[in-house]
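Visitor: Numbering (our numbering), first residue to last: 21 to 314.
If you scroll down you'll find the structure; I have some questions about it.
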């Protein structure tokens, strides 16, 4: 429960950080708005022409008697739209992060600077960072879609499908959201994708505390647009926690971590997963080290 609360706390701190830095918040909205327009256009097109698409894909049902043709194609149309909604939720963060790579990199760096006075750098040119971001995002989206299809199918099970499966779905979606968001800060520290996943698996409850509520909020795309800048800021603080770095913001008098025990200035005592937890348990350099890409 402590880790769940800590994860949710980073989500709140991130929203508070962007609220205190209004200019950063404004710029951070632009990528989400662009993504929202693109997704809204795609979903509207699906509503308008989804029935025609299903009819074209099922010519074998043209000669069915009675109401079966309409029922069958109506079910497939509803299923297609539901899968499109699921895919939009799963991919919204990845697409927004790719579109807004320069904006979110800058925002994440400012969070690091506000906490530590400096920001680790990958040393890679922007075009290289974008290519790596696209590659890793595709890998995560494929994993998330496979999980989504599996859970969607299990959702038809009686009782369990309407109770347990949705909860598991939010936990899985939240985990992948956290991976995408923390990648902005962790990639600058030279942490590869497989090591990022290992770090998060070692502290799953921390990731769930941040990601599961965010997954619920992200069901409403317009809400997701406004939460994205704060989510990136909060994920940067979480990334610092995963790397065993300080997460106290000296400029935030309301930050409860600023009143932590002086003997434990970083507030990491008792976590048991500071800088370890990556593949093989080897610590990661807090300063970024040599760039290794994502």
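We put the CB at the ideal spot given by N, CA and C, even for glycine.
Indicate the three-state DSSP secondary structure (helix, strand or coil) for residue 168 in the structure shown.
Guide: Correct three-state label for residue 168: helix.
Visitor: In its own chain, which residues sit with a C-beta less than 8 Å from the C-beta of residue 15, not counting the 5 before and 5 after it?
Guide: What the structure shows of the chain is the stretch from 21 to 314, and residue 15 is not part of that stretch, so it cannot be assessed.
Visitor: How many Å lie between residue 192 and residue 165 at the Cα?
Guide: Cα-Cα distance, rounded: 11 Å.
Visitor: By how many angstroms is the C-alpha of residue 82 removed from the C-alpha of residue 199?
Guide: Distance between the alpha carbons of residue 199 and residue 82 is about 45 Å.
Visitor: Counting Cβ pairs, one atom from each stretch, are 3 or more of them under 8 Å apart for the segment 150 to 164 and the segment 86 to 100?
Guide: No, they do not touch.
Visitor: For residue 214 and residue 208, what's the separation of their Cα atoms in angstroms?
Guide: Distance between the alpha carbons of residue 214 and residue 208: 15 Å.
Visitor: Do you know offhand how far residue 259's Cα is from residue 177's?
Guide: Roughly 37 Å between the two C-alpha positions.
Visitor: In its own chain, which residues sit with a C-beta less than 6 Å from the C-beta of residue 35, not counting the 5 before and 5 after it?
Guide: These residues qualify, in order along the chain: 250.
Visitor: For the candidate residues 263, 252, 262, whose alpha-carbon lies nearest to that of residue 126?
Guide: Comparing Cα positions, the closest option is 252.
Visitor: Once DSSP output is grouped into helix, strand and coil, what is the label at residue 34?
Guide: Residue 34 falls in the helix class under three-state DSSP.
Visitor: Just checking, does the segment 100 to 116 make contact with the segment 126 to 137 on the three C-beta pairs under 8 Å criterion?
Guide: No, because fewer than three Cβ pairs between the segment 100 to 116 and the segment 126 to 137 fall closer than 8 Å, the two stretches do not touch.
Visitor: Taking 9 Å as the cut-off, decide whether the C-beta atoms of residue 255 and residue 30 are in contact.
Guide: Against a cut-off of 9 Å, the Cβ pair of residue 30 and residue 255 comes out as a contact.
Visitor: Tell me whether residue 142 is buried or exposed, calling it buried when 16 or more other Cβ atoms sit within 10 Å of its Cβ.
Guide: Buried.
Visitor: For residue 190, collect the residues of the same chain with a Cβ closer than 7 Å to its Cβ; drop the 5 residues on either side in sequence, then sort them by chain order.
Guide: For residue 190, where only same-chain residues beyond five positions count, the Cβ hits under 7 Å are 232, 235, 236.
Visitor: Go through the segment 45 to 131 residue by residue and report every complete run of the alpha helix (DSSP H) that reaches 4 residues or more, in order.
Guide: Here the runs fully enclosed are 88 to 119.
Visitor: Do you know offhand how far residue 40's Cα is from residue 115's?
Guide: Going by the C-alpha atoms only, they are around 26 Å apart.
Visitor: Tell me, to the nearest whole angstrom, how far the beta carbon of residue 51 is from that of residue 137; I am working on the premise that it is less than 8 Å.
Guide: With 8 Å as the limit, residue 51 and residue 137 do not qualify as a contact, their Cβ atoms being about 27 Å apart.
Visitor: Using only CA atoms, which one of 90, 63, 118 lies nearest to residue 78?
Guide: For the residues 90, 63, 118, the minimum Cα distance to residue 78 belongs to 90.
Visitor: Thinking C-beta only, is residue 123 closer than 9 Å to residue 47?
Guide: Contact flag set, yes.
Visitor: Which word fits residue 61, buried or exposed, when buried means at least 16 other C-beta atoms lie within 10 angstroms of its C-beta?
Guide: Label assigned to residue 61: exposed.
Visitor: When the Cα of residue 44 is compared with those of 247, 219, 171, which residue comes out closest?
Guide: Residue 247 is the option with its Cα nearest to residue 44.
Visitor: According to DSSP, is residue 214 part of a helix, a strand, or is it coil?
Guide: If DSSP states are grouped into helix, strand and coil, residue 214 belongs with the helices.
Visitor: Excluding sequence positions up to five away, which residues of its chain have a Cβ less than 6 Å from the Cβ of residue 71?
Guide: Closer than 6 Å at Cβ, skipping near neighbours: 97.
Visitor: Measuring CB to CB, does residue 113 end up less than 9 Å from residue 222?
Guide: Not in contact: residue 113 and residue 222 (Cβ atoms no closer than 9 Å).
Visitor: With DSSP collapsed to three states, give me the class of residue 196.
Guide: Residue 196 falls in the helix class under three-state DSSP.
Visitor: Taking 9 Å as the cut-off, decide whether the C-beta atoms of residue 109 and residue 242 are in contact.
Guide: In this structure, residue 242 does not lie closer than 9 Å to residue 109 by Cβ.
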